[in-house]
Amino acid sequence: MSRYFNIFDVGQEILDSVQDAVNSGDFSGLNRDIRNTINGAGGSRHWTVDTGQGRNSGRSAGKDSSPSGQNSGRTAQRSNSRSGNRSAQGEWRSAGTVSQPPAPYVASAPGRVSGIVMEAVGFPLAAVFGIVAMGSTGVLFMPGLFLAGEILVSVFGALSLAGLGVGLKGFSLRGRARRFKRYVEQLKGRGYCSFEELSRAVGKKKDYVVRDVRRMIDRRFFLEAHIDEQQTCLMLTDEVYDQYRQAQESMRRRQEQEESVRKEQERREANPDLNAEGRKILKEGYAYIRHIHQCNDDIPGEEISRKLSRLEMIMTRIFDQVEKQPELAEDLHKFMNYYLPTTAKLVEAYRELDAQPVEGENIKKTKQEIEDTLDTINEAFEKLLDSFFEDKAWD
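Under the working numbering, the first residue of the sequence shown carries the number 688, and numbering increases by one thereafter.
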């Protein structure tokens, strides 16, 4: 049992090193310290971690170190899909927050000038013809001129209504041109804008603005514009719309992934040979995998995606072993209690750094140090896990 305690002691030392780095905010040298801890843990060849820098973590993540190649394949597939999810979502978010090239819309809305002309002509004519029509009513009471008076009233009344219609149409065109101008001003050069913003800009209800913008799209005021399925935002270019569709597809795939994880968890938990400790491992482990998925969505970059995928693969190995040998659940749970908090702290620290609006040289170096440390920890814990399984097999 001394060997097992040594494994757990190493796990505790790694966790303590990571916690100290998180508390101090200083990750410099963390990777080196963890390598020294692992390489000094009893001199076993199983525990020696490669000290070379710049390793391609994709090679490690790509090989099937799990007893179950099928599970590793599923993990890699989920990683590739999530990488695509993040890429699409990152582009979609940036499309709304970063200034875009001038969006394709008309320089001046049709109706701005013609609306003024129509108002200037229509309303005065309506007034003139209306007055004439009212004056013509007197003819109705003249002997023998009733029919003539009726014709005059009808003609001038119709002309008055026509003039009123022209004036109102001009008023409508001018109003639409003003709203279009406010929409464009509210866009502020962005690739998309929410209808809530546009609604506040023109002082109209959201449903009215959606219908208004849709008519403008039909009339080619906006040359490439699209409205999302939920009718929450206006996208001005085909490029932004394509990014939106990719994000929607990514969301659909992510939901399918989460459903797959849920079913896999239920399948494992349905094993009648699984003891209480094993069920506890599954519950905590799958919660951790969901956390990895969320981090993968929040953090862009294929390299970090491969590292997070490797975390999931190691968890899958533990799940597989618990299913095969439920009697190992207690020791595997102890092992997991070091691995999960250690990697979770590093991933959270990385996510906070990645969310900073400006990435200075210090942040860039710290992120690289965390990436290298994740590689080291993944490799170390994989070898510790191998050593544990080997010793158990000898027992």
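For glycine and all other residues, C-beta sits at the position ideal for the given N, C-alpha and C.
Around the CB of D899, 16 or more other CB atoms lie within 10 Å, so the residue is classed as buried. In this structure, DSSP gives I986 a state outside helix and strand, which the three-state scheme calls coil. The Cβ-Cβ distance between M903 and G857 does not fall below 8 Å. The Cβ atoms of F1022 and F1075 lie closer than 8 Å to each other. Comparing C-alpha distances from G712 to each of Y1037, P1044, D1062 shows the shortest one belongs to Y1037.
Taking a contact to require three or more Cβ pairs closer than 8 Å, the segment 1015 to 1034 and the segment 970 to 987 qualify as touching. Restricting attention to alpha helix (DSSP H) runs no shorter than 4 residues, the segment 810 to 880 encloses them at 833 to 874, ordered along the chain. Rounded to the nearest whole angstrom, the C-alpha separation of Y792 and E911 is 8 Å.
Taking a contact as a CB-CB distance under 8 Å, the pair G965 and P1013 counts as one, their CB atoms being some 5 Å apart. Excluding the 5 residues flanking it on each side, F816 has same chain C-beta neighbours closer than 7 Å at F843, L846, S847, G850, in chain order.
Beta-bridge annotation (DSSP): F909 is paired with Y792. Unbroken beta strand (DSSP E) runs of no fewer than 3 residues, entirely contained in the segment 882 to 928, are found at 920 to 922, following chain order.
With a threshold of 16 other beta carbon atoms within 10 Å, Q930 meets it and is buried. With a 10 Å radius around the Cβ and a threshold of 16 neighbouring Cβ atoms, S715 comes out exposed. Taking R955 as the centre and dropping the five residues before and after it, the same chain places the C-beta of L969, F1006, E1010 closer than 7 Å to its C-beta, in chain order.
In this structure, DSSP gives E1046 a state outside helix and strand, which the three-state scheme calls coil. In this structure, I1050 keeps its C-beta atom at 8 Å or more from the C-beta atom of I721. Nearest Cα to G802 within the set Q873, D1059, R865: R865.
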